[in-house]
Amino acid sequence: MLAVRLLLLLVLQAPCRAGGAPEDPTAELSVRLYHQLQAGGAEDNIVFSPLSVGLALGLVELGARGSSLEEIRRAVGYGHLTAGEEFSFLRNASRELEADDGRCVVRVANSLFLQVGVHFDPEFLRLARKYFKADVETVDFGESAATAQRINAWVENHTESKIRDLLSADDLGSPTRLALVNAVYFRGSWKNQFRPENTRTFSFSRDDGTEVQTLMMYQQGDFYYGEFSDGSTEAGGVYQVLEMPYEGEELSMMVVLPRQEVPLATLEPIIQAQLLDEWASNVKKQKVEVYLPRFKVEQKLDLKELLQKLGIKDIFGKDADLSAMTGEEKELFVSKAVQKAYLEVTEEGAEGAVGSGMIALTRTLVLYPQVMADHPFFFVIRSRKSGSVLFMGRVMNPEVVEYSDPEFEAA
Ligand SMILES: *[C@@H]1O[C@H](CO)[C@@H](O)[C@H](O)[C@H]1NC(C)=O
Ligand SMILES: *[C@@H]1O[C@H](CO)[C@@H](O)[C@H](O)[C@H]1NC(C)=O
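Here our numbering is used: the first residue of the sequence shown is 887, the next is one more, and so on.
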């Protein structure tokens, strides 16, 4: 019995375009992953890429057979597709998202690092190239430091250096046979950018009652906006949904904001896949006053633990059947699954000058709906056409303003 390990890595990076199939079978996966993460960390920020998880699982599924295969199909929600149709779906989803028109960049890259000297089924490699455009490269996992460095360089290269040091030498070793790496990079410019000179320091109230000073962006502009009810009776249970498109209007960010006095945790349980569609189809274009903190969220996820909770168990243990990868019975299993995600939201997506002082609020005369994200909120970056979810998360702790910043010393 060979103790063979397989390493699955997901790499991910953030900030614009997408298109797609009429309905997205990974929307359900997004929400289920979110609920698992939310249950795990009470006051932490969350960011992950459901699309990236879907792609990496797709690559594993390509090599899986028997119950290993069935578990993945069931957990992701491919039950209504004919066998294998999901690969075509995933290929279409990443094709439609990929764009590089200068202002808005989505890059999806998959790579298979194979142990030199081990036989892999050529059909598996062919399909990996066909559906996932996977780069295939051989390495020596016995040389764990050099190989970790090589993989990290690949990741860095595909995420404009936003994700570094994904792996350490300890993650690899002579029993490792294969590493699957998926990287998604996103950089988007808002269709309606915030003017940096309107950004001010502002108090953000966290759900534990404490306040922090953060940089708050401001604009009044045409966005998609709606008010929804969470079903509670207090003040009609109203919460706000603001959809802000990126350049090209194919991708947008939806910000979901509870009322000031309501902790985000009260709203989170109602979030479901079909609710994402409901928000998207019920928001209406109108003038809105938006206060949104600049934020940067970063997270490294242990996907192994998360996926096991969703019912994907076989591939991680002795019952794994990944025989389509090598042609050998029960030889491989997945030893590690990691995703690192990074998202930075700024006035335009690049650096800008920052003003200081307070925003003058005209609370007495509010002409337009006001979305004031000065307390925790939920966000989704998704394709406006297909509903494919590129990023999902929440901001509980925005970036705290550093007063050592020379601009603030000068003020
Ligand atoms: C993917 O795109 C091709 C060509 O556009 C189409 O024929 C196929 O039905 C699509 N597959 C899925 C699962 O949507
Ligand atoms: C980085 O990417 C460029 C272009 O995509 C490629 O030519 C180069 O070989 C890559 N380097 C590494 C270390 O993968």
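Every residue gets a Cβ at the ideal spot worked out from N, C-alpha and C, and that includes glycine.
Report task. Kindly identify the DSSP beta-bridge partner or partners of valine 994. Result -> In the sequence shown, counting from the first residue as 1, residue 994 sits at position 108. Per DSSP, Val1070.
**Report entry** CA-to-CA distance, valine 939 to arginine 960, given in whole angstroms
**Finding:** Numbered from its first residue, the sequence shown carries residue 960 at position 74. Numbered from its first residue, the sequence shown carries residue 939 at position 53. Answer to the nearest angstrom: the Cα atoms are 15 Å apart.
Query raised in the report: Which runs of the beta strand (DSSP E) fall wholly inside the stretch 929-975 and span at least 3 residues, in chain order?
Result: 932-934
Query raised in the report: How many Å lie between valine 1022 and alanine 1039 at the Cα?
Result: Here residue 1022 is taken as the residue at index 136 of the sequence shown, counted from 1. Here residue 1039 is taken as the residue at index 153 of the sequence shown, counted from 1. Those two C-alpha atoms are separated by around 15 Å.
Query raised in the report: So what does DSSP say about glycine 926, is it helix, strand or coil?
Result: On the sequence shown, residue 926 is found 40 positions in, with the first residue counted as 1. Residue state, collapsed to three classes: helix.
Query raised in the report: At which residues does the beta strand (DSSP E) containing serine 1269 begin and terminate?
Result: As a first step, residue 1269 is located in the sequence shown; it is residue number 383 there, counting from the start. Note, serine 1269: beta strand (DSSP E), 1263-1269.
Requested in this report: Reducing DSSP to helix, strand and coil, say where aspartate 1108 ends up.
Outcome: In the sequence shown, residue 1108 corresponds to position 222, counting from 1. Aspartate 1108 falls in the strand class under three-state DSSP.
Report task. Buried or exposed for valine 1240, please, with buried defined as at least 16 other CB atoms from any protein chain shown within 10 angstroms of its CB. Result -> As a position in the sequence shown, residue 1240 is number 354, starting the count at 1. Reliability fails at valine 1240, whose pLDDT of 31 lies under 50, so the model's placement of it is uncertain and no value is given.
Query raised in the report: Would you say alanine 913 and glycine 1273 are within 8 Å of each other, going by their C-beta atoms?
Result: In the sequence shown, counting from the first residue as 1, residue 913 sits at position 27. In the sequence shown, counting from the first residue as 1, residue 1273 sits at position 387. In this structure, glycine 1273 lies closer than 8 Å to alanine 913 by Cβ.
Query - CB of phenylalanine 1264 within 8 Å of CB of isoleucine 1156, strictly - result: Position 378 of the sequence shown, counting from 1, holds the residue named residue 1264. Position 270 of the sequence shown, counting from 1, holds the residue named residue 1156. No. Outside cutoff.
Query raised in the report: For the stretch 1082-1090 against the stretch 1046-1054, are there 3 or more C-beta pairs whose distance is under 8 Å?
Result: no
Query raised in the report: In this structure, what does DSSP give as the bridge partners for glutamine 1099?
Result: Working through the sequence shown from its first residue, we reach residue 1099 at position 213. BP columns for glutamine 1099 point to Ser1089.
Requested in this report: Could you give the DSSP three-state label for phenylalanine 1219: helix, strand or coil?
Outcome: On the sequence shown, residue 1219 is found 333 positions in, with the first residue counted as 1. Strand.
Query raised in the report: arginine 1015 bridges to which residues according to DSSP?
Result: Against the sequence shown, residue 1015 aligns to sequence position 129. Answer is none; arginine 1015 lacks a bridge partner.
Query raised in the report: What is the rounded straight-line gap between the Cα of tyrosine 1125 and the Cα of alanine 1151?
Result: For the purposes of this step, residue 1125 is taken as residue 239 along the sequence shown, with counting starting at 1. For the purposes of this step, residue 1151 is taken as residue 265 along the sequence shown, with counting starting at 1. So the alpha carbons of these two residues sit roughly 13 Å apart.
**Report entry** Straight-line Cα distance separating phenylalanine 1027 from serine 1054
**Finding:** Position 168 of the sequence shown holds residue 1054. Position 141 of the sequence shown holds residue 1027. Each residue's alpha carbon lies about 12 Å from the other.
Report task. Please determine if the stretch 989-1007 and the stretch 1062-1077 are in contact, where contact requires at least 3 C-beta pairs separated by less than 8 Å. Result -> yes
Query raised in the report: Considering methionine 1282, what are the terminal residues of the beta strand (DSSP E) in which it resides?
Result: To locate residue 1282, count along the sequence shown from 1; it is residue 396. Neither: methionine 1282 is in no beta strand (DSSP E) and is coded neither H nor E.
**Report entry** Among Ala925, Asn931 and Gln924, nearest to glutamine 1185 - alpha-carbon criterion
**Finding:** Here residue 1185 corresponds to residue number 299 of the sequence shown, with the count starting at 1. Nearest option by C-alpha distance: Asn931.
Query raised in the report: Tell me the DSSP bridge mates of phenylalanine 1202?
Result: Working through the sequence shown from its first residue, we reach residue 1202 at position 316. Answer is none; phenylalanine 1202 lacks a bridge partner.
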